[in-house]
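> Protein sequences, first through last, are from chains B and E.
Mapping the first sequence onto this note's numbering, position 89 (from 1) lands on 98, and the numbers just tick up by one.
Mapping the second sequence onto this note's numbering, position 146 (from 1) lands on 269, and the numbers just tick up by one.
We put the CB at the ideal spot given by N, CA and C, even for glycine.
For clarity, every value in this text was computed on a predicted model and none was experimentally measured.
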Amino acid sequence: METVFSNTLFFALTVGGLCFLSLGIERHAKQAFGKAPPREPRRARSALGAAMLALSLASSIQTSGVSIGIAVFFGTVAVVSIGVALMLAFRPRLLRFVGAVAAAVAPLAFLAGFFS
Amino acid sequence: MPPPLRFDQPRPLRLSMAWLHTWTGLLLGWLLFAVFASGSLSFFRSEINFWMHPELHRLRDDARAIAHARRILEREAPDSRQWTITLPGPRDPTLFVAWRVDAASPASSPAARPQDRANAPTGGQRRPAHGLRPETRRLALDPSTGEILKLREGSGATFLFRFHFQLHGVGWFVGRWIVGVAAMVMLVALVSGVIIHRNIFKDFFTFRPNKGKRSWLDAHVLVGVVSLPFHFAITFSGLLLFGALLMPSVVRSGYSNVANAANAPSAPNFTMDIRGGRDRFNLAPPSGKPAALAELAPILDAAQNEWGGEKAGSVVVSNPGDAAATVEVIQTHGNSLANRGVARRALFDGVVGVRLETPIEASPSAIVAVWNSLVTLHMGRFATPLQRWLLFLAGVSGTVMIASGLIVWRVSRFKTLGRSEDAPFGYRLVEVLNVSGIAGWLVALGAYFWACRLLPDALAARGDWEVRVFFLAWAASLIHATFREHRRAWVEQLRFSGALIALLPLINGLTGGAPLFRSVASGPWQVAGFDICALVAGALLLFAARKVHQAETDDPQITEA
Numbered sequence: 010m011e012t013v014f015s016n017t018l019f020f021a022l023t024v025g026g027l028c029f030l031s032l033g034i035e036r037h038a039k040q041a042f043g044k045a046p047p048r049e050p051r052r053a054r055s056a057l058g059a060a061m062l063a064l065s066l067a068s069s070i071q072t073s074g075v076s077i078g079i080a081v082f083f084g085t086v087a088v089v090s091i092g093v094a095l096m097l098a099f100r101p102r103l104l105r106f107v108g109a110v111a112a113a114v115a116p117l118a119f120l121a122g123f124f125s
Numbered sequence: 124m125p126p127p128l129r130f131d132q133p134r135p136l137r138l139s140m141a142w143l144h145t146w147t148g149l150l151l152g153w154l155l156f157a158v159f160a161s162g163s164l165s166f167f168r169s170e171i172n173f174w175m176h177p178e179l180h181r182l183r184d185d186a187r188a189i190a191h192a193r194r195i196l197e198r199e200a201p202d203s204r205q206w207t208i209t210l211p212g213p214r215d216p217t218l219f220v221a222w223r224v225d226a227a228s229p230a231s232s233p234a235a236r237p238q239d240r241a242n243a244p245t246g247g248q249r250r251p252a253h254g255l256r257p258e259t260r261r262l263a264l265d266p267s268t269g270e271i272l273k274l275r276e277g278s279g280a281t282f283l284f285r286f287h288f289q290l291h292g293v294g295w296f297v298g299r300w301i302v303g304v305a306a307m308v309m310l311v312a313l314v315s316g317v318i319i320h321r322n323i324f325k326d327f328f329t330f331r332p333n334k335g336k337r338s339w340l341d342a343h344v345l346v347g348v349v350s351l352p353f354h355f356a357i358t359f360s361g362l363l364l365f366g367a368l369l370m371p372s373v374v375r376s377g378y379s380n381v382a383n384a385a386n387a388p389s390a391p392n393f394t395m396d397i398r399g400g401r402d403r404f405n406l407a408p409p410s411g412k413p414a415a416l417a418e419l420a421p422i423l424d425a426a427q428n429e430w431g432g433e434k435a436g437s438v439v440v441s442n443p444g445d446a447a448a449t450v451e452v453i454q455t456h457g458n459s460l461a462n463r464g465v466a467r468r469a470l471f472d473g474v475v476g477v478r479l480e481t482p483i484e485a486s487p488s489a490i491v492a493v494w495n496s497l498v499t500l501h502m503g504r505f506a507t508p509l510q511r512w513l514l515f516l517a518g519v520s521g522t523v524m525i526a527s528g529l530i531v532w533r534v535s536r537f538k539t540l541g542r543s544e545d546a547p548f549g550y551r552l553v554e555v556l557n558v559s560g561i562a563g564w565l566v567a568l569g570a571y572f573w574a575c576r577l578l579p580d581a582l583a584a585r586g587d588w589e590v591r592v593f594f595l596a597w598a599a600s601l602i603h604a605t606f607r608e609h610r611r612a613w614v615e616q617l618r619f620s621g622a623l624i625a626l627l628p629l630i631n632g633l634t635g636g637a638p639l640f641r642s643v644a645s646g647p648w649q650v651a652g653f654d655i656c657a658l659v660a661g662a663l664l665l666f667a668a669r670k671v672h673q674a675e676t677d678d679p680q681i682t683e684a
């Protein structure tokens, strides 16, 4: 897979995964949506976030090998998590948008990489 | 302030751990801050070193470096049995040539005088380590002309690099022991920190700004938890690197001759066994028949084509001028941690230039692979630019974690201890050390870079003076913090360090370096990167100073922070 597509895929999966994971937490869902959503959609978002994060780890290993892939995954998760926390603190509504964009970009990057 | 812990009564685990976390963290926090900060910068050691040598900023790589390197090596070291050419790369555009000096063939030539070698950025001459690594000599060259560069004397980023594992001025043995103990304490603080943290996953993204102590604690926990794997890995691998020093008996139990390694190079040797690479120093014997060395540029092209255009980092010529000569081309960075991040290699016949079969290297044993993975991660040797940035940012998050932890200690006690006129001595001591240990270290760093550019070229022991300026500035910050009111001291030192660091691009342009407007447009990118980072870091420090200043004047609630 072309490097630019595999990097985009990895980054989109990490950003999307962490956004959805945070939106699965009651306090943050309240910050992003203005009111606490019911339990079921939160569960769904957590599951989606966890799945995207697992795929992001897989894509990182696919790109950089097992050892470096794991290291890169954790490093990126750290940086993006701080970004998500800051967004929740200062621009919580933006998070929904970023999460949606990341979730849309990830499959596109995958397809682009697959057919290139 | 948390209640004092009673050791004569039963107490819950979490309370004991909170006590442990608080006091171990406080005791070694300032040292750990300096170690983490200088260690994070060391991920960019080459780039910082390059910035600190403005006379190199004009160097341009026009792909003729390899021919120049060969010409110089043939002139300077015709009798050497091995040449190593480090090609100009994205991290450092200087061309380095090194040659092996075997006792049997004194290859030192008049042109490589000791003072030239001493001026090379890495010290020029490497002493044999453990009696196994042969002595090498090294020269820095202009990659487009092949001219031997006389580098200005200076401490370079080597000072920051050495400081992060052996401090300065106390001798390497004592310094490494101190840092080793601090790393052990860091592990204690990490483990106890995880135990006392109640909701790692639920609070994973939590940061509540403008809430005094709450915000500081959130920040401390946030940067601690998100990079927890990095903090563990970097601290543990740092200890591992000191393993033979901190636990010598373990090594001695398996290796009887540690002390005598120099006298018995073929005997089992711990360092060589764990790192592998004993074979690197064993040269194939020359045939004794002279033969002209093949052109190196086509060999380099062939290797790079084989790797799909990935760049070569260095070229090793063994037995030059002999019929048994070989040329080995080595990639810039590796693709796995387990084998020490070693790069791909391609071996060529040195006379006719054809590709030779490389013997397949045995995979490292599980023990060696684990050791290699951790140690290589610590040194970032494998890293592509993006990965290097991740390592650096993770290091910065560790630095912020330590700094915010120190501030939390003070903030938690402000209400009970800080309001009174006669605050206890220990409390005031922490206040002073917090300012000079955190903001003061940054002032010293800024002053160090200024000294690097402003001290006169002719100054004797110029590199030592750069280091002296660093410590003088640090000492001055301690005195300042002692005699100023706590909050004023924070604001003033943050402002001063911010100004010092933000002005570095200007100083760079005015003292012979590539100015930012030019380096941004056409390179060198390392200099542009350094200058932009300095601007960003300086702006962040000035912003922090503003926040502390506002908190002081506006909001009584934040004043508690």
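Compile a chain-ordered list of the residues in the region 88-109 of chain B whose CB is closer than 7 Å to at least one CB of chain E.
Hits within the stretch, in order: Val88, Ser90, Ile91, Val93, Ala94, Leu95, Leu97, Ala98.
> For Ser125/B, which of helix, strand or coil comes out of DSSP?
DSSP places Ser125/B in coil when its eight states are reduced to three.
> Take Asn557/E and list the residues in its own chain whose beta-carbon comes closer than 7 Å to its own, dropping the five residues that flank it on each side.
Leu529, Ile530, Arg533.
> Using CA atoms only, rank isn't needed, just tell me which of Val302/E, Asp472/E, Arg214/E, Arg511/E is closest to Gly366/E.
Ranking the options by Cα distance to Gly366/E, first place goes to Val302/E.
> With DSSP run on the structure shown, which of helix, strand or coil describes Asp341/E?
Helix at Asp341/E.
> Quick one: residues in its chain with C-beta nearer than 6 Å to the C-beta of Ala517/E, no 5 flanking neighbours on either side, listed in chain order?
So the list reads Ser350, Phe353, once near-sequence residues are dropped.
> Where does Pro251/E sit, in a helix, a strand or coil, going by DSSP?
In this prediction, Pro251/E has a pLDDT of 43, which is less than 50 and means its spatial position is unreliable; nothing more can be read from the coordinates.
> Contact between the region 207-219 of chain E and the region 264-282 of chain E is defined here as three or more beta-carbon pairs at a separation below 8 Å; is this criterion met?
Enough Cβ pairs lie closer than 8 Å, so yes.
> So, helix, strand or coil for Phe471/E, using DSSP?
Three-state DSSP puts Phe471/E in a strand.
> For Val81/B, would you say it is in contact with chain E, using Cβ-to-Cβ distances shorter than 7 Å as the test?
By this cut-off, Val81/B is an interface position.
> Tell me the rounded alpha-carbon separation between Glu554/E and Phe83/B.
Roughly 34 Å separates the two Cα atoms.
> By DSSP, does Pro116/B sit in helix, in strand, or in coil?
Reduced to three states, the DSSP call for Pro116/B is helix.
> Output yes if chain B places a C-beta closer than 7 Å to the C-beta of Ala489/E; else output no.
It does not: the Cβ of Ala489/E has no partner Cβ on chain B nearer than 7 Å.
> Spell out whether any CB of chain E is found under 7 Å from the CB atom of Ser15/B.
Output row for Ser15/B: interface = no.
> Listing by chain order, which chain E residues have their CB less than 8 Å from the CB of Val86/B?
By Cβ distance, chain E contributes Val349.
> What is the DSSP secondary structure of Gln289/E, reduced to helix, strand or coil?
Looking at Gln289/E - three-state DSSP - the assignment turns out to be helix.
> Would you report the Cα separation of Ala60/B and Ser125/B, rounded to the nearest angstrom?
Using only the alpha carbons, I get a separation of about 25 Å.
> Report yes if the CB atom of Thr259/E is closer than 7 Å to the CB atom of Met309/E, and no otherwise.
No, the pair does not count as a contact, with Cβ atoms beyond the cut-off.
> State the Cα-Cα distance for the pair Pro332/E and Phe99/B, rounded to the nearest angstrom.
In a straight line, the C-alpha of Pro332/E is about 9 Å away from that of Phe99/B.
> For Trp564/E, report the span of its alpha helix (DSSP H) as first-last.
That run of the alpha helix (DSSP H) goes 563-577.
> Cβ closer than 8 Å: which chain B residues qualify as neighbours of Gly331/E?
What sits at residue 331/E in the sequence shown is Arg, not Gly. Per Cβ cutoff of 8 Å: Ala98.
> Hey, out of Leu149/E, Glu197/E, Ile630/E, whose CA is closest to Leu419/E's CA?
The residue with the shortest Cα to Cα distance from Leu419/E is Glu197/E.
> Per DSSP, which one or two residues make a beta bridge with His615/E?
In the sequence as displayed, the identity of residue 615/E is Glu instead of His. Answer is none; Glu615/E lacks a bridge partner.
> If we ignore side chains and look at the alpha-carbon of each, how far apart do Ser231/E and Leu500/E end up?
Confidence in Ser231/E is poor, its pLDDT being 41 and thus under 50, which makes the residue's placement too unreliable to answer from.
> What are the partner residues of Leu218/E, as DSSP defines its beta bridges?
Partner(s): Leu264/E.
> Is the beta carbon of Ser165/E sitting closer than 7 Å to the one on His291/E?
Against a cut-off of 7 Å, the Cβ pair of His291/E and Ser165/E comes out as no contact.
> Output yes or no for whether 7 Å exceeds the beta carbon distance between Ser68/B and Phe29/B.
Cβ distance not < 7 Å, so Ser68/B and Phe29/B don't count as in contact.
> I want to verify the contact list: residues of chain B whose CB lies under 9 Å from the CB of Ser165/E, in sequence order.
Near Ser165/E there are no residues of chain B at all, since even the closest Cβ is about 17 Å away, more than 9 Å.
> List the endpoints of the continuous alpha helix (DSSP H) containing Gln427/E.
That run of the alpha helix (DSSP H) goes 419-429.
> Could you tell me the boundaries of the alpha helix (DSSP H) in which Ala59/B lies?
Segment 48-73, the alpha helix (DSSP H) holding Ala59/B.
> Contact check, Gly436/E vs Gly212/E under 8 Å by CB: the rounded distance?
That belief holds up - the Cβ atoms of Gly436/E and Gly212/E are roughly 6 Å apart, short of 8 Å.
> Can you find a C-beta in chain B that's less than 7 Å from the C-beta of Leu363/E?
Chain B, which has no Cβ nearer than 7 Å to the Cβ of Leu363/E, makes this no.
> Anything in chain B within Cβ reach of Gln454/E, meaning under 9 Å, just list it in chain order.
Here the premise fails: no neighbours, minimum Cβ distance about 14 Å.
> Suppose the cutoff is 7 Å on Cβ atoms and the five residues either side in sequence are ignored; what does the same chain contact list for Leu470/E look like?
If we look at Leu470/E and ignore the five residues flanking it on each side, its Cβ neighbours are Thr449, Glu451, Leu479, Thr481.
> According to the neighbour-count rule (16 or more other Cβ atoms, all chains shown, within 10 Å of its Cβ), is Pro135/E buried or exposed?
Classification of Pro135/E: exposed, given that the 10 Å Cβ count is below 16.
> Which residue from Gly43/B, Ala41/B, Glu35/B, Gln40/B puts its Cα closest to that of Glu49/B?
Out of Gly43/B, Ala41/B, Glu35/B, Gln40/B, Glu35/B has the C-alpha closest to the C-alpha of Glu49/B.
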